[in-house]
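Residue numbers (numbering that gives the first Met the number 0), protein chains in the order written: chain A, 0 to 426; chain B, 0 to 316. Here a beta-carbon is modelled for each residue, glycine too, at the ideal position from N, C-alpha and C.
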Amino acid sequence: MTTQPLRTAIRGVHVMNGTEDLGVRTAVLSDGRIEGYDLDGPFDVEVDGSGLVLTNAFIDPHVHLREPGFEVKEDLASGLRAAAAGGFGTVVSMANTDPVIDNPEQVRGLLEKAADIPGARLRPAASLTFGLKGERLTDAAALQEAGAVMLTDDGIPVADSDVMRRACEWAADLGLVVQTHSEDPSLRGAGVMNEGAVSERLGLPGNPREAEAVMVFRDCQIAAMTGARVHIAHVTCRQALDVVRWFKAQGAPVTCEVTPQHLTLTDEALAAFDPMVKVAPPLRTAGDVEALTEAFVAGEVDCIGTDHAPHTLDEKRQDMLSAPFGIANIEVAFPLLVETLVQPGRMTLQALLHRFQHGPADVMGWDAPSLEPGSPADLVLLNLNDARTVEPHTFLSKAKFSPWEGDALHGWPVQTWVGGRSVFERG
Amino acid sequence: MSEPQGSKLIRTLLDFDRFTADDVRAILNTTDVMAQVLERPVKKVPALQGFTVATLFYEDSTRTRLSFERAARAQSADVMTFSKGGSSVSKGESLRDTVATLEALAVDAFVVRHPSAGAAHQVASWTDKAVINAGDGRRAHPTQALLDVATYERSVDAPVEGRKLVIVGDVAHSRVARSNAALWRLLGADVTVCGPPTLMPQHGGLPEGVTVETRLDRALDGAHAVMALRLQQERMHEARFASPAAYAEQYQITEARLAGAQDDVKVLHPGPMNRGVEIDGRLADGPQSLVTQQVAMGLPVRMAVLYHLLVGKGGSA
């Protein structure tokens, strides 16, 4: 960030986060931090926060920013700005780029480039194996030294269990998080959607829940065996939740996330043969959505990971077999879940904030987000009062289309600060 | 003859989900008329003169493509061919762009064969022209089912209603099986599917009332029609059964195995056949076999389908 952040007052705003509620205050930001509350001026900038909520900017442990190699889908600038528009102050970028982020120079290069972008902070993941091939381990120590915060071959399950074990031994020693895309490759087969009544009706190749559950079991077992912090990406079904729950009860160092799409859509969304909603692991059934919701509300699922996975519209408009997996969602993730879970009273706003703030921070082993004076001024202003329609053409992401187009949602971010600097303001 | 769905023109044949028995009967009646046309010395009528039919084949299938193209030309339609390996399909043009291009060239009907289930549905969502599904993944192949019904009914000179069809083989991956099960059920027939447990559909997925049976002798009991499905090469390399020989030992349709079926049982196969695997070659060539008639029936059936979708009024060709 090149320009000096300004002393900013956000007046008459309800200040709260996933664990604290400070009531209606005037929040003052300076030198990139929260200076305090209800302080005297002068201020360089004053923001009217009446009727709005000010909270810690969100943390996303799972985004695909596509740079380098796939800038036609997304790049660091569009992705980090889109993240800020979604209320995120920090995102963990996946390593499945071209070339793959598997050496320290690439990690440093990403960080240098991201530093100049007015958007969310970038904390890159590095691949667990060279080229995501699942064979040779990357140099975890050097990658961590360069700034990588996670090891993952996300997008591709690590098929070789011994490779997974040895990577976890390194990660345990270094205190790095290992994130896993847990699906058994052979059991998943060529499936493009959940295997079940709907896939059989549609005649599309199915990918059974069991492919996920057996691999989640292996990865949890290896977490328990090695002591590595293993984070299970995008849990989608009851069977996988049961496995994670069991290992957590044993004290295994296991965490898990759920995506906004798996909490809101089912395999019936594919009935119109629209590849827009083709994701991996696949959308499951209403029963799975209910199981995920219960676990998410109860805190058994640690956090939201958006798995923001932008593609071009042309790529997503192919046939169901050829179209790539993934939904770009980072700009709608929070309001979508406010609308789905908070508005109907399934969970409190504070609990939902927790899953976007303390939850992911705990997963990553980072300091808990805080509203105390002196804390980093990574903040977001939310409007919980007014519904606003999802208009993909306004997205800052390059992927300007959405399964939720036209939905009226509450809880949109109005303004986002990172290090006290305003990086997003909704027009 | 009755107009399909309250005289509203049916513009697509993607599967039988939205078809009534009357809709199907209308097409089958027109099929009879088309069959008569094909017996004339001059096997051509002007019914579709001025219409252009495009065949979009993203999977190799010369037989089905030629059958559709012949069906179009026999009614004086113009034909444009897009097939894998030739044209822009191999140049990476998307299905959507290809459809848009052909629409701009004033195509009236699209005949789509594609490895992805739903491809024909996608085409139908992009165009208001007629769309015929000529096979999409394992989902549906409706004209094959129509020609199978037409062939059987002609051979016994009676409707399939109340008769028992047994489909034997790789039902899980077969669009022929799925469309036949749907159509024969729609027309009031009993349907049983049979094969190894690894090739049977799971999680439901077949029309209501279809019986799933893994023991061939039990399945064939009382059968009026037996359809052997082609065992795809790729299945032979998957962990689905011990070997092609082991498969044949349990599931090959032979004359001896038809002992429990009806005396006048008919044998069908969508082709191309693996003789000695799913069907005994002698049976395929024998008097109970309808295999040759099936190929021949493809033509009038596809003529009737094109006619119904493009003109909508049946029968007077």
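*Kindly say whether Ala-319 (chain A), judged by its beta-carbon, lies nearer than 8 Å to any beta-carbon of chain B.*
Position check: residue 319 (chain A) holds Met in this sequence, whereas Ala was assumed. For Met-319 (chain A), the answer is yes, since a Cβ of chain B falls inside 8 Å of its Cβ.
*Going along the chain, which residues of the segment 182 to 208 of chain A sit with their C-beta nearer than 9 Å to a C-beta in chain B?*
Val-191, Glu-194, Gly-195, Ala-196, Val-197, Ser-198, Glu-199, Arg-200, Leu-201, Gly-202, Leu-203, Pro-204 and Gly-205
_Best match in B:Lys-43, B:Lys-83, B:Phe-18 and B:Ser-82 for proximity to Arg-69 (chain B) [C-alpha to C-alpha]_ = B:Lys-43
*What is the rounded straight-line gap between the Cα of Lys-315 (chain A) and the Cα of Asp-21 (chain B)?*
38 Å
*For Asp-429 (chain A), does the count of other Cβ atoms within 10 angstroms reach 16, so buried, or fall short, so exposed?*
Shown here, chain A extends from 0 to 426; a query on residue 429 (chain A) therefore has no answer.
*chain A partners of Gly-221 (chain B), CB-CB under 7 Å?*
Simply none; closest approach about 27 Å.
*How would you label Trp-245 (chain A), buried or exposed, when you count the other beta carbons within 10 angstroms and need 16 or more for buried?*
exposed
*So, does the CB of Gly-311 (chain B) fall closer than 8 Å to a CB anywhere in chain A?*
no
*Use the C-beta contact count for Gly-313 (chain B): other C-beta atoms within 10 angstroms, 16 or more gives buried, fewer gives exposed.*
Confidence at Gly-313 (chain B) is low in this model, with a pLDDT of 43, below 50, so the placement of that residue is unreliable and no value is reported for it.
*Apart from the five residues just before and just after Gly-5 (chain B), which ones in its own chain have a Cβ nearer than 8 Å to its Cβ?*
Low confidence applies here, because Gly-5 (chain B) scores a pLDDT of 37, under 50, leaving its location unreliable; read the following figure in that light. So the list is empty, once near-sequence residues are dropped.
*Going by DSSP, what residues sit across from Asp-189 (chain B) in a beta bridge?*
B:Lys-163
*Pick from A:Asp-172, A:Val-229, A:Gly-405 and A:Val-234: whose alpha carbon is nearest that of Glu-293 (chain A)?*
A:Val-234
*asked:* When you compare the CB positions of Ala-227 (chain B) and His-268 (chain B), do they come within less than 8 Å of one another, or not?
replied: yes
*Along chain A, which residues have their Cβ under 8 Å away from the Cβ of His-268 (chain B)?*
Those do not exist, as His-268 (chain B) stays about 21 Å from chain A at its closest Cβ, beyond 8 Å.
*asked:* I want to know whether the segment 165 to 180 of chain B touches the segment 163 to 171 of chain A - three or more CB-CB distances under 8 Å.
replied: no
*Give a yes or no on whether 8 Å exceeds the smallest Cβ distance from Arg-281 (chain B) to chain A.*
no
*If you draw a straight line from the alpha carbon of Leu-198 (chain B) to that of His-63 (chain A), how long is it in whole angstroms?*
38 Å
_Presumed contact (8 Å Cβ cut-off) between Thr-51 (chain B) and Val-106 (chain B), rounded CB distance_ = 5 Å
*On the three-state DSSP scale, how would you describe Ala-222 (chain B)?*
coil
*Is it true that the CB of Arg-10 (chain A) sits closer than 8 Å to the CB of Glu-45 (chain A)?*
yes
*Near-chain B residues of the segment 271 to 305 of chain A - C-beta to any C-beta below 7 Å*: Phe-272
*Only counting runs of 3 or more residues, tell me where the beta strand (DSSP E) segments fall wholly within the segment 32 to 73 of chain A, in order along the chain.*
32 to 36, 44 to 47, 52 to 55 and 57 to 62
_Based on DSSP bridge pairs, tell me the residues matched to Arg-10 (chain A)._
A:Asp-47
*Do the CB positions of Ala-124 (chain A) and Met-93 (chain A) come within less than 8 Å of each other?*
yes
*For Asn-102 (chain A) and Asp-47 (chain A), the rounded distance between their alpha carbons*: 45 Å
*Can you say whether Arg-318 (chain B) is buried or exposed, counting buried as having 16 or more other CB atoms within 10 angstroms of its CB?*
Look at the range of chain B in this structure, 0 to 316, and you will see that residue 318 (chain B) is not part of it.
*Rounded to a whole number of angstroms, what is the C-alpha to C-alpha distance between Arg-181 (chain B) and Thr-254 (chain A)?*
Going by the sequence as given, residue 181 (chain B) is Ala instead of Arg. Ala-181 (chain B) and Thr-254 (chain A): Cα-Cα distance of roughly 46 Å.
*Three-way DSSP call (helix, strand, coil) for Val-91 (chain A) in this model*: strand
_Any 3 or more C-beta pairs closer than 8 Å across the segment 176 to 188 of chain A and the segment 176 to 192 of chain B_ = no
*Alpha carbon to alpha carbon, what distance is there between Thr-54 (chain B) and Val-294 (chain B)?*
19 Å
*Which ranges would you report for the beta strand (DSSP E) in the segment 93 to 163 of chain A if only whole runs of at least 3 residues count?*
120 to 125
*Out of B:Leu-257, B:Glu-152, B:His-140 and B:Phe-15, point me to the one whose CA is closest to Asp-279 (chain B)'s CA.*
B:Leu-257
_Closer than 9 Å at the beta carbon, the chain A residues around Pro-200 (chain B)_ = Glu-199
*What in chain B is Cβ-close to Arg-316 (chain A), meaning under 8 Å?*
Ser-93 and Arg-95
*Ala-108 (chain B) and Pro-299 (chain B): beta carbons closer than 8 Å?*
no
*asked:* Going by DSSP, what residue range makes up the alpha helix (DSSP H) through Ile-26 (chain B)?
replied: 20 to 36
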